[in-house]
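This report concerns only the one structure given below.
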């Protein structure tokens with residue numbers, strides 16, 4: 011069974027105080043779908059990841075996670091912003107399906123393969139072994155396995171060609187959703 015991930019991260023115990031908003035965007039020429047923004051006001055403890063010998067904080071007090079759920083696509087992009095609004099990383103999940111739940115917001119069914127893009131432009135392949143294990147243990151079908159690899163390779167090519175425009179899209183959408191927090195907190 012695939013793991014379903016929600017943009018709201020409603021079940022993430024590490025985040026002890028949060029603000030959340032989401033928006034369906036259909037007026038952007040480069041993106042159509044849901045975008046969610048989670049502000050981690052307080053966390054029980056920071057979360058650090060190590061990539062190729064470099065340790066990066068990806069969740070801490072004041073951090074933001076913005077997740078794009080592009081309509082009709084097989085991937086989702088989570089952008090991590092530090093407390094000052096600087097981009098820490100983009101995390102691209104390859105997914106089987108994207109959907110929406112009225113209780114918890116936009117979601118995607120994770121197909122294991124991931125790509126991490128650092129602000130330097132460095133792209134890191136992640137969880138290739140998890141996909142192989144899922145296939146061997148018959149957690150996924152041959153079709154899902156092929157879909158994961160096909161989308162993974164397509165996204166890598168798009169990133170290499172600079173077509174995805176991660177920084178421009180995420181900065182514009184972050185500003186748009188971040189402004190909505192002002193309205194939420196005034197109510």
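In our numbering, the protein residues as written are 11 to 197.
Heads up, the beta-carbon is just placed ideally off N, CA and C, and yes, glycines get one too.
Just so it is clear, the structure is predicted and the values come from calculations on it, not from any experiment.
Worksheet item: Which two residues bound the contiguous alpha helix (DSSP H) that contains residue 44?
Response: Residue numbering aside, residue 44 sits at position 34 when the chain shown is read from its first letter. For residue 44, there is no enclosing alpha helix (DSSP H); the residue is found in the beta strand (DSSP E) stretching over 41-53.
Worksheet item: Taking the beta strand (DSSP E) that residue 60 falls in, what are its first and last residues?
Response: Along the chain shown, one-based indexing puts residue 60 at 50. Under the DSSP assignment, residue 60 falls in the beta strand (DSSP E) whose first and last residues are 57-61.
Item to complete: Would you kindly work out how many angstroms separate the C-alpha atoms of residue 93 and residue 164, rounded to a whole number?
Response: Along the chain shown, read from residue 1 onward, the residue named residue 93 stands at position 83. Along the chain shown, read from residue 1 onward, the residue named residue 164 stands at position 154. Looking at the two C-alpha atoms, the distance is approximately 32 Å.
Worksheet entry | residue 114, enclosing beta strand (DSSP E) - first and last residue | As a working mapping, residue 114 is identified with position 104 in the chain shown. Here residue 114 belongs to no beta strand (DSSP E), and DSSP marks it neither H nor E.
Discussion item. So, does the region 50-67 touch the region 183-193, judging by three or more C-beta pairs under 8 Å?
Written reply: Segments in contact, no.
Worksheet item: If you compare alpha carbons, which of 121, 64, 26 and 87 is closest to residue 137?
Response: Along the chain shown, one-based indexing puts residue 137 at 127. Cα-wise, what sits closest to residue 137 is 121.
Discussion item. Considering only the alpha carbon of each residue, which of 144, 139, 112 and 84 lies closest to residue 161?
Written reply: Within the chain shown, numbered from 1, the residue matching residue 161 stands at position 151. For the residues 144, 139, 112 and 84, the minimum Cα distance to residue 161 belongs to 84.
Worksheet item: Of the choices 127, 125 and 104, whose alpha-carbon is the least far from that of residue 118?
Response: Indexing the chain shown from 1 puts residue 118 at position 108. For the residues 127, 125 and 104, the minimum Cα distance to residue 118 belongs to 104.
Worksheet item: What is the rounded straight-line gap between the Cα of residue 65 and the Cα of residue 90?
Response: The residue labelled residue 65 in the question sits at position 55 within the chain shown. The residue labelled residue 90 in the question sits at position 80 within the chain shown. Using only the alpha carbons, I get a separation of about 14 Å.
Discussion item. Let me confirm a value: residue 173 is counted as buried when at least 16 other C-beta atoms fall within 10 Å, else exposed. Which label applies?
Written reply: For the purposes of this step, residue 173 is taken as the residue at position 163 of the chain shown. The residue is exposed, with fewer than 16 neighbouring Cβ atoms inside 10 Å.
Practice prompt. Just the C-alpha distance for residue 33 and residue 167, rounded to the nearest angstrom, thanks.
Written response: Taking the chain shown and counting its residues from 1, one reaches residue 33 at position 23. Taking the chain shown and counting its residues from 1, one reaches residue 167 at position 157. Those two C-alpha atoms are separated by around 28 Å.
Practice prompt. Reducing DSSP to helix, strand and coil, say where residue 18 ends up.
Written response: Position 8 of the chain shown, counted from the start, is the residue given in the question as residue 18. In the structure shown, residue 18 sits in coil (DSSP, three-state: anything other than H, G, I, E or B).
Practice prompt. Give the secondary structure of residue 69 by DSSP, where H, G and I count as helix, E and B as strand, and everything else as coil.
Written response: Along the chain shown, read from residue 1 onward, the residue named residue 69 stands at position 59. In the structure shown, residue 69 sits in a strand (DSSP, three-state: E or B).
Practice prompt. Entirely within the region 86-147 and at least 4 residues each: give me those alpha helix (DSSP H) ranges in chain order.
Written response: Qualifying alpha helix (DSSP H) stretches, in chain order: 138-146.
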